[in-house]
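**Student:**
In the numbering used here, the protein residues as written are 9 to 271.
1) What is the DSSP secondary structure of residue 72, counted as helix, strand or coil?
2) Going by beta carbon distance, what residues of the same chain come within less than 6 Å of residue 226, once the five residues before and after it are set aside?
3) Would you kindly work out how many angstroms separate the C-alpha atoms of residue 89 and residue 178, rounded to a whole number?
4) Are the segment 213–221 and the segment 119–139 touching by the rule of at least three beta carbon pairs closer than 8 Å?
5) Output yes or no for whether 9 Å exceeds the beta carbon distance between residue 98 and residue 119.
6) On the DSSP bridge list, what partners appear for residue 184?
7) Can you give me the start and stop residues for the alpha helix (DSSP H) that residue 340 sits inside?
8) Let me check one thing: in DSSP terms, what residues is residue 112 bridge-paired to?
9) Decide if residue 228 is buried, meaning its Cβ has at least 16 other Cβ atoms within 10 Å, or exposed.
10) If residue 87 sits next to residue 33, beta carbons under 8 Å apart, how far is it from one beta carbon to the other, in whole angstroms?
11) With distance defined between alpha-carbon atoms, name the residue in 204, 69, 210 and 258 nearest to residue 198.
12) In terms of residues, what are the limits of the alpha helix (DSSP H) holding residue 267?
13) For residue 237, count the other beta carbons within 10 Å of its own beta carbon; 16 or more makes it buried, fewer makes it exposed. Which is it?
14) Take the Cβ of residue 188 as the centre, count every other Cβ of all protein chains shown within 10 Å, and call the residue buried at 16 or more, exposed below.
15) Thinking just about the alpha-carbon of each residue, which of 256, 39 and 47 is nearest to the one in residue 163?
16) Does the ligand FMN have a heavy atom nearer than 8 Å to the CB of residue 37?
17) Give the straight-line distance between the Cα atoms of residue 57 and residue 165, rounded to the nearest whole angstrom.
18) Tell me which residue opens and which closes the alpha helix (DSSP H) that residue 176 is part of.
19) Below 7 Å CB to CB, which residues in the same chain sit around residue 39 once its five sequence neighbours on both sides are set aside?
20) At which residues does the beta strand (DSSP E) containing residue 241 begin and terminate?
21) Could you check the C-alpha separation between residue 182 and residue 109 for me, to the nearest Å?
22) Taking the alpha-carbon positions, what's the residue 212 to residue 158 distance?
23) Find the nearest neighbour of residue 77 within the set 144, 270, 210 and 103, judged by alpha-carbon distance.
24) Just how far apart, CA to CA, sit residue 44 and residue 69?
25) Mind reading off the beta-carbon distance from residue 50 to residue 18? Whole number of angstroms is fine, and I expect it under 8 Å.
26) Applying the criterion that 16 or more other CB atoms from any shown protein chain within 10 Å of the CB defines a buried residue, is residue 47 buried or exposed?
27) In whole angstroms, what separates the C-alpha of residue 145 from that of residue 180?
Shown next, in the form of structure tokens:
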């Protein structure tokens, strides 16, 4: 399966960001990608008031993404914000395209490193996968990568790959943590891990996680197969899903688990 990771920088204007989604989706489709993955907060960057711009999954912004997916014959995964009770929003991944329509609300909220995502965002409560051309793909968002249980659950549900959209917070050691965590989640769930982040916006880092780039495609054996730097760039990669079964036969971490000991 050929996928594309769209490592871009979005701003506070959803309409301008939607035009970026169209541009990068067409570029990915021209490169033969079947799935195009955008970062968390593609609809609007963090540091923007979220509640006034949140839209439902049948709103104008999501419909625009659907139209680009239909026009290019691709499955597009993009981060947006949808309304939630109490004036908060959900940090939502929309996955849409021919034969695919799903969403995932981020389960693990980024209440860390001096930032409190839960002040404005409501946590999700369910995992999500999509099937594209007979391949099951899990969906995850940013801070989720620190919680291996989610990725193992997706592997148990039949996922051969997990698509991780992020807007990673900058700071000392954060780039090293990003690479370590992405590789670890691929290895301990024995899945392909396609992790796309917001590119580094080139401004001094503040408390809002606005991205550092360094998108990665990691094999089910934990090795980095493709890597980007900090700047905006499109990464196109082919995932050999047969490799998942071969790695699981050799590295039997899923089969050898003893979950009953930790309940």
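From the three backbone atoms N, C-alpha and C, an ideal C-beta is built for every residue, glycine too.
**Tutor:** Result, derived from the coordinates:
1) In this structure, residue 72 counts as helix in the three-state DSSP scheme.
2) Closer than 6 Å at the Cβ level, and outside the excluded window around residue 226, lie 190, 191, 194, 201 and 232.
3) Cα-Cα distance, rounded: 22 Å.
4) Yes, the segment 213–221 touches the segment 119–139.
5) No; because the gap between Cβ atoms is not below 9 Å, this pair is not in contact.
6) Beta-bridge pairing links residue 184 to no other residue.
7) As shown, the chain starts at 9 and ends at 271. That puts residue 340 outside it, with no answer to give.
8) Within the DSSP bridge table, the entry for residue 112 names 101 as partners.
9) With 16 or more other CB atoms across the displayed protein chains lying within 10 angstroms of its CB, residue 228 is buried.
10) No, residue 87 and residue 33 are not in contact; Cβ-Cβ is about 14 Å, not under 8 Å.
11) Minimum Cα distance to residue 198 is reached at 258.
12) Going by DSSP, residue 267 is part of no alpha helix (DSSP H) at all; its letter is neither H nor E.
13) Counting of Cβ neighbours within 10 angstroms places residue 237 among the exposed residues, the total staying below 16.
14) The residue is exposed, with fewer than 16 neighbouring Cβ atoms inside 10 Å.
15) Checked all of 256, 39 and 47; the closest Cα to residue 163 is 256.
16) Within the structure as shown, the ligand FMN is missing, as the structure has no ligands at all.
17) Between residue 57 and residue 165, the C-alpha separation is close to 35 Å.
18) In the DSSP annotation of this structure, residue 176 is not part of any alpha helix (DSSP H), being labelled neither H nor E.
19) Cβ within range, chain order: 12 and 244.
20) First-last of the beta strand (DSSP E) with residue 241: 241–246.
21) Cα to Cα, residue 182 sits roughly 33 Å from residue 109.
22) So the alpha carbons of these two residues sit roughly 32 Å apart.
23) Residue 77 has its Cα closest to that of 103, out of 144, 270, 210 and 103.
24) If you take the alpha carbons of residue 44 and residue 69, they lie about 17 Å apart.
25) At roughly 5 Å, the Cβ-Cβ gap stays under 8 Å, so residue 50 and residue 18 are in contact.
26) Residue 47 is buried by the Cβ-count criterion.
27) Their Cα atoms are separated by approximately 32 Å.
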